[in-house]
Every structure is written in C-alpha cells, then in structure tokens.
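Residue numbers (mature numbering (1 follows the signal peptide of the UniProt record, and there is no 0)): -25 to -1, 1 to 114. Using N, Cα and C, we set each Cβ at its ideal position, and we do this for glycine too. Here the structure is a predicted model, which means the values were calculated and not measured.
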Amino acid sequence: MQRTSQALLSAAILAAGLTVAPAMAQSSATPSQQPQQPAAVQPSEAQLQKFASASQKVAMVADEYRPKVQAATDDGSRQQLLKEADQKMVRTVNADGMTVDEFNGISQAIQQDPNLQQKVMSMVQQQQQGGAPAGGGMR
C-alpha cells in the first residue's frame, strides 16, 4: 500500500499542475524526475475524461492537505496527514470509476506525451467551464 500511496501522491502533484492555468504548462517540466520510460498505457477517450475529472478532485485534496502538512509540528503528525490525504485521494479516484493503477498509468503516459498532456489539459478546462465531456456522461 505504501508504494501505491507514493505513486498516487506523485500523481496528485501532476494533477495539481493540470488544473493550473495553461500558461504555466511550459514551466511545469521537472528535469529531476525519474528517467523517461516508454508509455505503457494508451488511454481511451473515456479514460482520459475520467482522468481529467479525477485529477481535478485529487488536486483539490492535495490543496486541502498541503497547508496542514506544512503546518504539522512533528513527523508523526505529518505522516498521519499524508495517510489521510492518500486515503481520500484513493477514494476520489475510485469514485470517478478508475483504479489507482489506471490513474497512475495515465498520469505516467501524460508525462511522457506532450500531445496527450495537451488533450487532458483541454478536457480539464472544458470541465472547469461546465462543459459536459463528450461521451463521458456515465459514472
């Protein structure tokens, strides 16, 4: 579970980046991340819509817990808050009809494919503006 937690928290960081204004997209590259690997996932349109929705919600959880974690006075409190945030993120991803592995796989594919990243960013913007996702109306 710990490995899943760390991967989901990494995905949450990416998800938070997806909800930021598009102008920030150019500066979001982080060269210190893991070496690039071939994308193992080629997500469908429906999966991308679910990911776009889930990523926004995961980012909200991350935003909710970030100040709490930063304000924690000891490692025990910090670890407890991270565990709570992780559990909430897992529930959020599952509520959007995805497994954590699917979410993380799509997250990895997006990191490696600028076209996919742009597509998801467009979906996120459409969802934020209240537009119904094409073909993704079912939960």
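Quick one: Cα of A37 to Cα of Q31, how far? 10 Å
Taking only three categories from DSSP, how would you classify A104? First, the residue type needs correcting, since residue 104 is Gln and not Ala in the sequence shown. In this structure, Q104 counts as coil in the three-state DSSP scheme.
Is E39 near A70, with beta carbons less than 9 Å apart? no
Is A27 near the ligand HEM, with its Cβ less than 8 Å from a heavy atom? With respect to the ligand HEM, the structure offers nothing, as it holds no ligand at all.
Alpha carbon to alpha carbon, how far is S82 from Q100? Near 17 Å, if we compare the C-alpha coordinates of Q100 and S82.
What does the alpha-carbon distance come out to for the pair S19 and A47? 40 Å
Let me know if T74 comes out buried or exposed under the rule of 16 or more other beta-carbons within 10 Å of its beta-carbon. It counts as exposed.
Ordered along the chain, which non-local residues of its own chain (more than five positions away) have a Cβ less than 8 Å from that of P(-4)? Reliability fails at P(-4), whose pLDDT of 33 lies under 50, so the model's placement of it is uncertain and the value that follows must be treated cautiously. Excluding residues within five positions, the ones whose Cβ falls inside 8 Å are M96 and Q100.
Among L57, S28, L23 and S52, which residue has its Cα nearest to the Cα of G105? S28
Inspect the beta-carbon positions of T67 and V33 and report whether they are closer than 9 Å. In this structure, the beta-carbon distance from T67 to V33 falls below 9 Å.
Take the Cβ of K25 as the centre, count every other Cβ of all protein chains shown within 10 Å, and call the residue buried at 16 or more, exposed below. With 16 or more other Cβ atoms inside 10 Å of its own Cβ, K25 counts as buried.
If you draw a straight line from the alpha carbon of Q54 to that of P89, how long is it in whole angstroms? Just so you know, the alpha carbons of Q54 and P89 end up roughly 33 Å apart.
Over what stretch of residues does the alpha helix (DSSP H) that includes A27 continue unbroken? In this chain, the alpha helix (DSSP H) harbouring A27 covers E20 to A46.
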